[in-house]
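Sequence positions in the sequence shown follow the numbering used here and run 210 to 350.
Don't be surprised by glycine CBs; every beta carbon is placed ideally from N, CA and C.
Note that the structure is predicted; figures quoted are calculated from it, not measured.
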Amino acid sequence: EQLNLSTSRSYTPDITPIILAAHRDNYEIIKILTDRGELVSKPHNVRCDCEKCLIYNKEDSLRHSRSRINAYKALSSPFYISVSSRDPIMTAFELNRELKHLSRIENEFKEEYEKLAQQCQDYSAALLAETRSSKELEIIL
Numbered sequence: 210e211q212l213n214l215s216t217s218r219s220y221t222p223d224i225t226p227i228i229l230a231a232h233r234d235n236y237e238i239i240k241i242l243t244d245r246g247e248l249v250s251k252p253h254n255v256r257c258d259c260e261k262c263l264i265y266n267k268e269d270s271l272r273h274s275r276s277r278i279n280a281y282k283a284l285s286s287p288f289y290i291s292v293s294s295r296d297p298i299m300t301a302f303e304l305n306r307e308l309k310h311l312s313r314i315e316n317e318f319k320e321e322y323e324k325l326a327q328q329c330q331d332y333s334a335a336l337l338a339e340t341r342s343s344k345e346l347e348i349i350l
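This is the structure:
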């Protein structure tokens, strides 16, 4: 089920309930939605030439870029990563790398991507800081 928010003045059509819950770090809603099979779809590559991306870029390239940021903001939510990933540390590392790459490509949104990359880095560091011994660290890595 997808809630139609396209008529809302507060949210753009790309803001699905799972994305909104992740933006707000609402663990309970994220858990309910992921238990029902809802996930945040990873955006296509910034240089994707598929028909859908070409149409979106032609119609409104700024909106297309904003929808990519909205998705990555949700994907990099510590609560979303914790609930949706089997390996949260690896997920955070991979997102960090990808977000840093995007910050170099999409200069208009460089600061936002860098902030999200830092959030992923902080999250993985916080998880690692919770280990009490080298044995625990070895297990999670």
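Runs of alpha helix (DSSP H) lying entirely within the segment 277-308, each at least 4 residues, in chain order: 287-293
Residues near N305 by beta carbon distance below 7 Å, same chain, minus five either side: A326, C329, Q330
Spatial distance of I239 from E303 (CA atoms): 21 Å
Alpha helix (DSSP H) segment containing C329, residue limits: 319-338
Same chain, Cβ closer than 7 Å to Y332, neighbours up to 5 away in sequence not counted: P287, I290, A301
Helix, strand or coil at P222 [DSSP, three-state]: coil
C-beta atoms of D234 and S276 nearer than 8 Å: no
Candidates S293, I314, N266, of which the one nearest R245 by Cα: S293
Reference L308; option with closest CA among S219, A283, A335: A283
Nearest residue (CA-CA) to A334, options H253, K344, I349: I349
Between the CA atoms of K324 and K344 - distance to the nearest angstrom: 32 Å
I278 burial status per 10 Å Cβ neighbour count (16 or more: buried): buried
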